[in-house]
Amino acid sequence: MLFKLTNKKTNRETHCGVLEFVADEGRIFIPYWMMRNLCVDEGDFVQIDNVSLSVATYAKFQPQSVDFLDITNPKAVYPFF
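According to this note's numbering, the sequence shown is numbered sequentially starting from 3.
Pasting the structure below:
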């Protein structure tokens, strides 16, 4: 199951999956980084829509540091290449 989360005040949106359904009805638990991305605080309202997303056909990854260059076999570490 995939969901689109939307902050209606700022029109910011993101997508996520579900790990487990354990929250009380009308509540969700999302990571702090996702809250920051949506510009929401605890207790704010977000719109949740069940969505179907197309399969990705292209992704470009950028190393976060030069340490990536020290990896002798990147495909062994990142099997999705």
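Glycine is no exception: its CB is placed at the ideal position from the N, C-alpha and C atoms.
In this text the structure is predicted, and so the values were computed from the model without any measurement.
Selected residue, minimal CA-CA separation from residue i, among the options
i: residue 37; options: 12, 71, 73, 64; result: 12
i: residue 21; options: 44, 4, 50, 14; result: 4
i: residue 34; options: 44, 28, 27; result: 44
i: residue 61; options: 23, 15, 80; result: 80
Beta-carbon separation (whole angstroms), residue i vs residue j, contact threshold 8 angstroms
i: residue 40; j: residue 9; result: 5 angstroms
i: residue 57; j: residue 17; result: Contact flag wrong, Cβ pair sits at about 14 angstroms.
Contact with chain B by residue i, beta-carbon distance below 8 angstroms
i: residue 27; result: Looking at the structure shown, chain B is missing, and only one protein chain is on hand.
7 angstroms CB neighbourhood of residue i in its chain, flanking five on each side removed
i: residue 25; result: 31
i: residue 48; result: 7, 8, 9, 40, 42
i: residue 73; result: 79
Bridge-paired residues (DSSP) for residue i
i: residue 53; result: 4
i: residue 14; result: 9
Cutoff 8 angstroms; reference residue i; Cβ partners in own chain excluding five residues on either side
i: residue 70; result: 76
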